[in-house]
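In what follows, a structure is listed as structure tokens, so that the remarks can point back to it.
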Amino acid sequence: MTDRFYITTPIYYVNAEPHLGHLYATMLADTVCRFNQQRGRETYFLTGTDEHSQKIERAAQAKGIPVREFVDGLAGRFRDVFDHWKIGYDQFIRTTSDVHKAGAQELWRRCRDAGLIYKSVYAGWYCVQDNAFIDGPKEGPPPECPDSGGPAEWVEEESYFFRLSAFQEPLLAYYREHPEFIQPESRRNEIVSFVEGGLQDLSISRVTTTWGVQVPDDPAHVMYVWFDALSNYITALGFGTSPDDDRWRFWPGVHLIGKDILRFHTVYWPAFLMGAGLPVPQKVMVHGLWMSGGRKMSKRLGNGVDIGLLDRHFTHDAVRYYCLAEMGFGQDGDFTYGALVDRANADLANGIGNLASRTLTMLAKYFDGVLPQAGPDSAVRTTVEQATATAVSEFENFEFRRGIEAIRSAMAAVDRYISDTKPWAIAKDAGRRDELAVVLVTAFEALRAFVVVLAPALPEGSAAIWRSMNLDGSPSDVDPGTLQVGVVPAGHRIGEIAPVFPRLNKEQIMDDITKETAVEGAPTPEAGTPPAATAPAPEPAKTEPDYITIDDFAKVELRVGQVLAADRIEGADKLLKLSVDLGEAEPRQVLAGIAMHYAPETLIGRKIVVCSNLKPRKMRGLESQGMILAASVGEDGVPVLATFTEDVPNGVRLK
Ligand code: MSP
-17 MTDRFYITTP IYYVNAEPHL GHLYATMLAD TVCRFNQQRG RETYFLTGTD EHSQKIERAA
43 QAKGIPVREF VDGLAGRFRD VFDHWKIGYD QFIRTTSDVH KAGAQELWRR CRDAGLIYKS
103 VYAGWYCVQD NAFIDGPKEG PPPECPDSGG PAEWVEEESY FFRLSAFQEP LLAYYREHPE
163 FIQPESRRNE IVSFVEGGLQ DLSISRVTTT WGVQVPDDPA HVMYVWFDAL SNYITALGFG
223 TSPDDDRWRF WPGVHLIGKD ILRFHTVYWP AFLMGAGLPV PQKVMVHGLW MSGGRKMSKR
283 LGNGVDIGLL DRHFTHDAVR YYCLAEMGFG QDGDFTYGAL VDRANADLAN GIGNLASRTL
343 TMLAKYFDGV LPQAGPDSAV RTTVEQATAT AVSEFENFEF RRGIEAIRSA MAAVDRYISD
403 TKPWAIAKDA GRRDELAVVL VTAFEALRAF VVVLAPALPE GSAAIWRSMN LDGSPSDVDP
463 GTLQVGVVPA GHRIGEIAPV FPRLNKEQIM DDITKETAVE GAPTPEAGTP PAATAPAPEP
523 AKTEPDYITI DDFAKVELRV GQVLAADRIE GADKLLKLSV DLGEAEPRQV LAGIAMHYAP
583 ETLIGRKIVV CSNLKPRKMR GLESQGMILA ASVGEDGVPV LATFTEDVPN GVRLK
């Protein structure tokens, strides 16, 4: 295992204000970096802004602002946001800086001197929004841009080309020999088949704009923005400008990117590096995208969740935790304010916050705030240690959701242990002090382990609980990989108990957000509602309705159910496994495709409607013995569960 870790984020285009998507990628990298620091590695964390290209030049023109001033302003906004959200980057690089430009020129020279760059003419489609070249004949309508969906423009100009075609075999060999290079595997497979399909030489300069890095020895050309931008990962370490820079020891690094920029990072970038005789990146880790209103959140669509609004209503920890816990690595996620509130309440207020407050309060009350002499319960200790080990190995692979799941279930086990042992009852019996000591030491030690392992995901809250526990240093100083349960000595005095994760008033917050978004014209809390322009056309009215008879309807048995338990299913992101009381001898197991929209804990106790005579069927190897009813809202069919406002007994039939 290497003891050095270099993590980068994409550098962000400065054509508009940052939104949650940019914050997410940077927070994810920050979490990864904090985790690696905790593991004792020497880390370096790079983020920054991508400031050239026609797209940005045009955005500045549209605002009537000189482009230099325009990019300075927006780069400052990105940096301010990251600082405000306490992102612990080591460097914020700007591609308009002299050091970067000189480094990018050196990379160009190396490729040129290796005989890999030649001059010709580019005649083809170019998408200014995506900074991408697109295949297609000149005749006919402009093709659609791959990411933004806008129309491409026909371009015919003198251009330098990079001999990408020479890299098909070297790239395929590299992917073969380094299966971990692109993760998750589905992305790797996508790129392998793309490269197997053949590579064409790549146009890497433009003469139609001057807003870019000048091509060495040919001032009429500026570099294609992706050649310029990708080089940031090494120019930031002094490549091309300071040969003795000791930050070079961090190369090669790990790139965290969104799936929208996969090809640039896994085909072009390693080819440029191979061409220049430099080591290629260690890994490219590809995260999924946040959707809002059923579409990728983007600056162009204006459906990006506003960071200022998040800041006004939620703690930074709550937003970070929600993003990590909700989105499986590499998968897309639908952002909703409601789910964010639910997560914060279920996992933070009711979860770790509650465990901290009940444990510390009982220690204060029954042992005057001093840890008694006792060893932790061995079964609980094993559960906690196993969960910690699982979380560590998941976090190593950026699988924060899975790691957090492991901790959540261990936390539930500790909660059950406390409820079952009933320390408040034991405390009434002076003869049972030893038993009471075991319960509270167990809870304290479990809490300590959870706080350590969750520290990268909850930097502020974990530090606050740690202070209340009055432990030395900070939870980030403890390596979760070698964490032991049962090490705090008897006699340790806890600190002042401060509430850490207050419960959020969902109704109030949703109400406030609705009012604010109505004023600002931003996406509403009912994320999942498509933007007006993309709303599906109403179904044409049928002249002859397809009536069913009452007998047809009577065949469908709908009953009142109550959710007793709800769990996620390993490997099935959309499904929840529910145990539902239908007033029968045994509860039924029902699988429901609602996991992206309902946190399992929020369903417990809830009355629902179940179709109870649907033939049982197996999904993911599990039998579903019924179907729950939900409204299917919007283009994406966001589920909203059917329920009752009055009290109804379980099992009653709906007619
Ligand atoms: N400038 C290029 C990247 C150059 S890297 C050498 C670029 N910039 S961008 O501003 O469009 O940012 C893209 C990255 O921001 C994505 O790859 C992703 O990491 C993050 N996100 C932007 N929108 C996002 C979502 N809706 N959801 C999650 N992440 C998002 O491409």
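Note that my numbering has the sequence shown beginning at -17, numbered continuously upward. Cβ atoms here follow ideal geometry from the backbone N, Cα and C, with glycine treated the same way.
Comparing C-alpha positions only, which one of the options sits nearest to residue i?
i	options	result
residue 425	441, 409, 435 and 405	405
residue 593	289, 572 and 82	572
residue 222	206, 320, 188 and 80	80
residue 390	308, 130 and 379	308
residue 489	464, 497 and 459	497
residue 366	225, 373 and 392	392
residue 414	455, 270 and 356	356
residue 268	279, 379, 630 and 534	379
residue 60	24, 16 and 288	288
residue -5	-12, -13 and 4	4
residue 227	236, 235 and 217	217
residue 638	51, -13, 1 and 17	For the chain, the structure presents residues -17 to 637; residue 638 sits outside this window and is missing.
residue 360	613, 420, 441 and 175	420
residue 555	-11, 310 and 253	310
residue 7	-3, -7 and 548	-7
residue 485	94, -15, 104 and 330	330
residue 22	41, 328 and 462	462
Do residue j and residue i count as a contact pair if the criterion is CB distance below 9 Å?
i	j	result
residue 435	residue 358	no
residue 110	residue 140	no
residue 181	residue 153	yes
residue 640	residue 238	The question about residue 640 has no answer, for the chain in this structure spans -17 to 637.
residue 34	residue 193	yes
residue 118	residue 137	no
residue 303	residue 321	no
residue 263	residue 206	no
residue 636	residue 623	no
residue 558	residue 536	no
residue 438	residue 456	no
residue 301	residue 9	yes
residue 197	residue 87	yes
residue 460	residue 20	yes
residue 278	residue 242	yes
residue 560	residue 585	yes
residue 348	residue 409	yes
residue 602	residue 553	yes
residue 164	residue 170	yes
residue 640	residue 123	No statement about residue 640 is possible, as the shown extent of the chain runs from -17 to 637 and does not include it.
residue 453	residue 431	no
residue 638	residue -10	Nothing about residue 638 can be read from this structure; the chain reaches only from -17 to 637.
residue 472	residue 450	no
residue -3	residue 56	yes
residue 641	residue 595	Because the chain in this structure spans residues -17 to 637, residue 641 falls outside the shown range and cannot be described.
residue 483	residue 14	no
Mind checking whether the beta-carbon of residue i lies closer than 8 Å to any heavy atom of ligand 3?
i	result
residue 246	With respect to ligand 3, the structure shown offers nothing to examine, as its ligands consist of ligand 1.
Please tell me whether residue i has its Cβ less than 9 Å away from any Cβ of chain B.
i	result
residue 6	In summary, chain B is missing from the structure at hand, where a single protein chain is found.
Please go through the segment 584 to 612 and give each complete beta strand (DSSP E) segment of 3 or more residues, from N-terminal end onward. Along the segment 584 to 612, the beta strand (DSSP E) occurs as fully enclosed runs of 3 or more residues at 589 to 593, 599 to 601 and 604 to 606, listed in sequence order.
Counting Cβ pairs, one atom from each stretch, are 3 or more of them under 8 Å apart for the segment 30 to 46 and the segment 331 to 343? Touching, no, given that fewer than three Cβ pairs across the two stretches are closer than 8 Å.
Would you list, in sequence order, the uninterrupted alpha helix (DSSP H) runs of no fewer than 4 residues that lie entirely inside the segment 225 to 298? For the segment 225 to 298, whole alpha helix (DSSP H) runs of length 4 or above, ordered along the chain, are 251 to 257 and 289 to 295.
Are the segment 132 to 145 and the segment 94 to 103 in contact at 8 Å, needing three or more beta carbon pairs? In this structure the segment 132 to 145 lies against the segment 94 to 103, because at least three pairs of beta carbons, one per stretch, are closer than 8 Å.
Are the segment 68 to 84 and the segment 22 to 41 touching by the rule of at least three beta carbon pairs closer than 8 Å? Yes: at least three Cβ pairs fall under 8 Å.
Do the segment 534 to 545 and the segment 562 to 572 make contact, defined as three or more Cβ pairs closer than 8 Å? By the C-beta criterion, the segment 534 to 545 is judged to be in contact with the segment 562 to 572, since at least 3 inter-stretch pairs fall below 8 Å.
Between the segment 394 to 401 and the segment 308 to 318, do three or more beta carbon pairs fall short of 8 Å? Inter-segment contact for the segment 394 to 401 and the segment 308 to 318 is absent: fewer than three beta-carbon pairs are separated by less than 8 Å.
Segment contact, 8 Å Cβ cut-off, at least three pairs: the segment 468 to 484 with the segment 426 to 446: In this structure the segment 468 to 484 lies against the segment 426 to 446, because at least three pairs of beta carbons, one per stretch, are closer than 8 Å.
Taking one C-beta from the segment 246 to 266 and one from the segment 289 to 296 each time, how about it: are there three or more such pairs within less than 8 Å? Here the segment 246 to 266 makes no contact with the segment 289 to 296; the two share fewer than three CB pairs at distances below 8 Å.
Uninterrupted alpha helix (DSSP H) stretches inside the segment 386 to 414 (no shorter than 4 residues): The qualifying runs are 405 to 408.
How do the segment 60 to 79 and the segment 175 to 189 stand: do at least 3 beta-carbon pairs fall below 8 Å, yes or no? Segments in contact, no.
Using a Cβ distance threshold of 8 Å, determine whether the segment 186 to 205 contacts the segment 112 to 132, with at least three qualifying pairs required. They do not touch, by the three-pair rule.
Quick check for students: name the residue ranges of the beta strand (DSSP E) that lie wholly in the segment 83 to 137, counting only runs of 3 or more. Counting whole runs of 3 or more residues, the segment 83 to 137 contains the beta strand (DSSP E) stretches 99 to 109 and 114 to 116.
Kindly provide the ranges of any alpha helix (DSSP H) runs that are 4 or more residues long and lie completely inside the segment 293 to 347, ordered along the chain. Scanning the segment 293 to 347 for uninterrupted alpha helix (DSSP H) segments of 4 residues or longer gives 298 to 308 and 319 to 325, listed from N- to C-terminal end.
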